[in-house]
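All remarks here apply to the structure that follows.
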Amino acid sequence: IAAGNYTLNMYFSQLPSVASIAFDAASEGNTGSTEVGSLTVSHTVVSNTNGILVVGVNMFSTTDPFPTVSTITYAGQSMTFLARAATPAAPSTRIGSEWWYIKAPATGANNIVITFSADAKAVAGGRSYTGVDQTTQVGTAATATGSSTTPSVAVSSATNELVVDTVGIRQNENTPADQT
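Numbering of the sequence shown is given in this note's numbering, commencing with residue 2 and proceeding in unit increments.
Below you can see the structure in the form of structure tokens.
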């Protein structure tokens with residue numbers, strides 16, 4: 002991360018396992034430079050044996066109130082909200098991050114459809130895993146917000162748990178021109 006003033010959000014959550022957690026697939030998408038009301042990302046789940054799909058969404062907006070994710074669906078099924086953090090910074094540097102998940106996601110190529118409470122610029126990433134405990138899919142989310150070139154957060158986990166994260170960073174628009 003280059004030197005400068007950054008605003009960030011971090012989420013970490015533990016995925017307890019029933020066997021050995023294995024990576025299945027990843028996807029990503031973004032709205033580009035336009036604020037929009039929704040974002041659709043294609044994601045292909047290869048196997049859903051004790052599976053889970055987690056989606057991290059990072060939003061940028063100058064509107065008040067700051068947008069949130071209203072709903073996320075995968076293959077038409079509602080996903081479950083896990084955690085949210087947003088910076089209280091000035092509108093030009095605000096960022097919000099959210100985590101959502103669904104257990105036993107449908108296999109094959111399907112859409113993750115993210116609907117926002119108001120237009121926002123956003124990036125989103127989905128990751129699916131197998132071998133996840135289907136009774137207790139996620140642990141307690143750990144979050145942090147602030148401005149730093151070395152973001153961090155303390156996370157508790159146990160043997161056979163996988164920690165997943167999303168980090169949203171927005172560089173201050175007043176960073177000097179000589180910084181890269």
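Positions of the beta carbon are idealized from the N, C-alpha and C atoms, including for glycine.
- The C-beta distance from Leu54 to Ala142 rounds to 16 Å, too long to meet the 8 Å contact threshold.
- Assigned with DSSP and collapsed to three states, Gly52 falls in coil, not helix or strand.
- Within 10 angstroms of the beta-carbon of Gln135 lie fewer than 16 other beta-carbons, which makes it exposed.
- Here Pro68 is buried: its Cβ has 16 or more other Cβ atoms, across all protein chains shown, within 10 Å.
- Rounded to whole angstroms, the Cβ separation of Val70 and Ile115 is 6 Å, and the two are in contact under 8 Å.
- The Cβ neighbour count for Pro106, taken over all protein chains shown within 10 Å, is at least 16; the residue is labelled buried.
- Taking a C-beta distance under 7 Å as the contact criterion, Val156 and Val164 qualify as a contact pair.
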